[in-house]
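Below you'll find the structure, written out as structure tokens, and then a few comments.
Protein chains in written order, with my numbering: chain A, 678 to 979; chain B, 650 to 1429.
Structure, rendered in structure tokens:
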């Protein structure tokens, strides 16, 4: 598994001088607008639970996260043998949900169908589809917490994972929970990795997630239950998350590539955005015992 | 290989002809006068010095080692040796047989910045067939106001028409819309793969150690190859062979010291030059505990020794070592830098045949180390070149000057050598090796031929054979760039080759004594490129070769120009038009991660690019008031399937309008003021035109690539130089340089960001506003 922790850390280290030394000021950009697109955010996993698909209409660039949910759509997910109908949550417009007994099966291809929507408001109803294969992965054998101090301002706990890679070409997403509450609550907090070069190998306590003490929801105390969730995802979803992370962060001329639209697997692609993902889920939990770094107990932690 | 043999055969023929002709000393009516032109004070070769036979109205220019040769009928002649900034020397010779004349010219004044001055002869822009080139002398470069007072030859180069900085304050440059990696930067013939320090804000060149700087923007001579856009040829000083001398300076962020002198006698001399920044020495004094632990500095070391065995043989050894160090004490350390070494043997076979045999080693590497929770992370990257080359200058008669040679380079590219040591299981996980080996062979021949009084033709060809050799693992992709599998090639196995013929043509038509018309055509290929997605480039970028998956990039460039001097060459003007068409140009698919990507070739997209434009220059080289004004009107466009929906888009360095004004005025002999004003169209940028919300995070929906522009860039820099009193035989000379960078405080866009959550746009500019600096320079 390839982790980017070290890379981002070192890039930040050597770039910090100029990024922090630079100055900023607001300006009026006079941005153009574009036509509306259907934005899809959701999918199906191997968990037996309610699976959600959120439908929104895209907006202007600087609309301050104004969400325009799409209601009254017909949404289904099919596995080739079964069709699951997603009903709109009566208290959450735009949220379409399966029954709670639904689960995805690794190896199957799931297809999302959306109809009865008129995004371009031309009076003609549109259909949208997307497909995703549900990739399997091996379970996590165990996890471990290790204290890490990047600087006096950035210290926290690394989650180290022990697991065997499933082999072949695999892509992973890593998220974390504290006391069963998701702490990876934004795209930029997702960890993604691929197994190129480590196909079928054993991940021997690899650092895959960092709980940052300065974030209240990630700061841990004795007795907290920390859960690591590993998702087996498709290469397309990996690329989608990678692009979303790049496009949701500030840019600079030294490290950033050119701005570009994030890819989508929703068809027709020129009228839609977002992603429908099918992925497997493996979790492992640990109760934080309050032990500082066992190799270096004098180092301050919490 | 056929082409290679043909060119080698041509070269062998010429060597034979040269030897036959050289042996024919008694051929009636033709004798040769040859030798070296040097600085009388320090023995430095004067590159480009002019040797002119007054009675015949013919002349030649000294080569990169100061050597000249000219053949004339027997007779009594007046020979003028001249060079800008030096007193002309006139000698009479009754030429009856071949003669060697080594000449030394005296500098016109002994100002400290003129210890070595190289510049064009006054009318060289009119009389020389080459175009799209610029040579800057150290004196001029030193007068240009500099960021933080750090005089920088690349920052000076950026003020020439057709050249642009890739980003505010950085030493990266784009020539005629080309990419950062399309510039061949060589220091004493060794390739410098990353010419920047401190995230690009300073270049690796210590001006105290530099003798000559020449930029080829097009019309590249056949002895250069391997890059599409330009060649920046930087030559180090040879070292004073007359007396021990020192030069140095104390600046805002760095200090430097250069020592040079003879070893034993005039036959051997040395130069050693060092520079180091010292901002890091003050970090422990800061109160912030993170800042206290910061490590951040760079240093350079230049070394050169040369020895003249006899009149026909001279040996040069030069070396460069530069490194940037970053990190935090006890947590991490990162370093990157270049190392080069060049061993050159100048041999004069005959009065008409001069040779230079060179062995070169060049290395760029970086390494980063850190620990996380007791686990060790190491990441190294390394590029090594070993080159052998032989270059010959043959002067068969006054109307022809033939240059030819061969070279062979062995590249070893190891972009990522990374591993993680996990303490829990005492296990090392190693990233797959991307190490690869290449051989790049080249042979070239070119002739500059004078036809009558009006026309000079320049024609040549370069042949390159580029080979990928094992041991190497190559990824295989399908037509849609999907990875299929990999193929491993055995050690020493040549598994892929590219051949390239690169014709170079030029013509000069002399309209009058003060004006000429020139035209040129050059084809160039590029076999190594930088894996970089950012505009400015960063030290962690690495080079990757053409191979089974990546075709070499190709460029065809056409140029025409009108050159006109006024007031007895006091004012130099030119208009150059160029058109450059490139094929198999490389870009990367959207959101490519170049680092830790062992399947990078699958993310490469290739297509075509073109750039065209007009460059206008007015330059005054002499007098108390000197400088230049340049204006460039140009476009640079790319069309690459898979990027921007296959539609044409502006190249990252497409800036249609660019004005540079550089003015120096000597108020007195001791006080000089200088000003630089730079204007450029805004950098192309992609703007968001909509937004989508994914996972509670707003993500932009963008316009076409580079459809918009940042605000226009402009900046005024000022400097004043106060020199010490000029007294004969004074041991110590000093000068103070006061400068202000961005004197009217323009907030130039460094980056524009859009905070979609907050609904606002934010401009980032660098804190180089009203930025003062003071530097003390000295020599003894």
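Each residue gets a CB set at the ideal place from its N, CA and C atoms; glycine is no exception.
None of these values were measured; they are calculated from a predicted model.
Output the distance between the C-alpha atoms of residue i and residue j, rounded to the nearest integer angstrom.
i, j, result
"residue 1087(B)", "residue 1063(B)", "11 Å"
"residue 831(B)", "residue 1047(B)", "35 Å"
"residue 701(B)", "residue 1272(B)", "24 Å"
"residue 1015(B)", "residue 949(B)", "15 Å"
"residue 1223(B)", "residue 782(B)", "12 Å"
"residue 906(A)", "residue 938(A)", "28 Å"
"residue 1164(B)", "residue 1214(B)", "6 Å"
"residue 1383(B)", "residue 728(B)", "37 Å"
"residue 1355(B)", "residue 1336(B)", "8 Å"
"residue 597(B)", "residue 712(B)", "For residue 597(B) there is no data in the structure shown, the boundaries of chain B being 650 and 1429."
"residue 768(B)", "residue 1309(B)", "Note that residue 768(B) scores 45 on pLDDT, short of 50, meaning its location in the model is unreliable and no value can be drawn from it."
"residue 1089(B)", "residue 988(B)", "20 Å"
Kindly indicate which three-state DSSP category residue i falls into: helix, strand or coil?
i, result
"residue 1279(B)", "strand"
"residue 1316(B)", "coil"
"residue 873(B)", "coil"
"residue 788(B)", "helix"
"residue 1116(B)", "strand"
"residue 913(A)", "helix"
"residue 866(A)", "helix"
"residue 672(B)", "Residue placement at residue 672(B) is poorly supported in this model, since its pLDDT is 43, which falls under 50; the coordinates still yield a value, given next. The answer is helix: DSSP assigns residue 672(B) an H, G or I state."
"residue 1188(B)", "coil"
"residue 771(A)", "coil"
"residue 933(B)", "helix"
"residue 926(A)", "coil"
"residue 831(B)", "helix"
"residue 1072(B)", "coil"
I think residue i touches residue j, with their Cβ atoms under 8 Å apart; what is that distance to the nearest whole Å?
i, j, result
"residue 1393(B)", "residue 1361(B)", "At roughly 14 Å, the Cβ-Cβ gap does not stay under 8 Å, so residue 1393(B) and residue 1361(B) are not in contact."
"residue 1256(B)", "residue 1126(B)", "Not confirmed; about 17 Å, so no contact."
"residue 1245(B)", "residue 1065(B)", "6 Å"
Classify residue i: buried if its beta carbon has 16 or more other beta carbons within 10 angstroms, exposed otherwise.
i, result
"residue 1160(B)", "exposed"
"residue 884(B)", "buried"
"residue 736(B)", "exposed"
"residue 1306(B)", "exposed"
"residue 801(A)", "exposed"
"residue 859(A)", "exposed"
"residue 785(B)", "buried"
"residue 1053(B)", "buried"
"residue 710(A)", "exposed"
"residue 997(B)", "buried"
"residue 1316(B)", "exposed"
"residue 1375(B)", "exposed"
"residue 1430(B)", "Nothing about residue 1430(B) can be reported from this structure: the residues present for chain B run from 650 to 1429 only."
"residue 1266(B)", "buried"
"residue 712(A)", "exposed"
"residue 1019(B)", "buried"
"residue 1323(B)", "buried"
"residue 1051(B)", "buried"
"residue 1172(B)", "buried"
"residue 757(A)", "exposed"
At a cut-off of 7 Å, is residue i close to the ligand GTP when judged by its beta-carbon and the heavy atoms of the ligand?
i, result
"residue 899(B)", "Absence of the ligand GTP from the depicted structure is noted, as is the absence of any ligand whatsoever, leaving it without description."
By the criterion of Cβ-Cβ separation under 7 Å, what are the contact partners of residue i in chain C?
i, result
"residue 844(A)", "Checking the listed chains, one finds no chain C in this structure; the protein chains it contains are A and B."
- prompt: Residues in the segment 1057-1071 of chain B with C-beta within 9 Å of chain A's C-beta atoms, listed in sequence order?
  reply: The residues in question are 1067, 1069 and 1071.
Members of the segment 924-943 of chain A that neighbour chain B once the beta carbon cut-off is set at 7 Å: Cβ contacts with chain B: 924, 925, 927, 928, 929, 930, 931, 932, 933, 934, 935, 936, 937, 938 and 939.
- prompt: Listed from N- to C-terminal order along the chain, which residues in the segment 726-755 of chain A have their beta-carbon within a distance smaller than 8 Å of any beta-carbon of chain B?
  reply: Answer set for the segment 726-755 of chain A: 733, 735, 736, 737, 738, 739, 740, 741, 742 and 744.
query: Between the segment 1242-1262 of chain B and chain A, which residues of the former have a C-beta closer than 9 Å to a C-beta of the latter?
result: Per Cβ criterion, the list reads 1242, 1243, 1244, 1245, 1246, 1247 and 1248.
Residues within the segment 1108-1122 of chain B neighbouring chain A, beta-carbon criterion of under 8 Å: Shown here is that no member of the segment 1108-1122 of chain B has a Cβ falling below 8 Å from a Cβ of chain A.
message: Beta carbons nearer than 7 Å to chain A: which residues of the segment 1387-1398 of chain B have them?
response: Taking 7 Å as the upper bound on Cβ-Cβ separation, chain A lies near residues 1396 of the segment 1387-1398 of chain B.
query: Using a beta-carbon distance cut-off of less than 8 Å, what residues from the segment 950-961 of chain A approach chain B?
result: Within the segment 950-961 of chain A, the qualifying residues are 950, 951 and 952.
message: Give me the subset of the segment 1327-1341 of chain B whose CB atoms are less than 7 Å from a CB atom of chain A, sorted by chain position.
response: Cβ contacts with chain A: 1335, 1336, 1337, 1338, 1339, 1340 and 1341.
message: Please identify, using Cβ separations under 8 Å, the residues of the segment 1346-1377 of chain B that lie next to chain A, in order along the chain.
response: Taking 8 Å as the cut-off between beta carbons, the residues of the segment 1346-1377 of chain B near chain A are 1346, 1347, 1348, 1349, 1350, 1351, 1352, 1354 and 1355, in sequence order.
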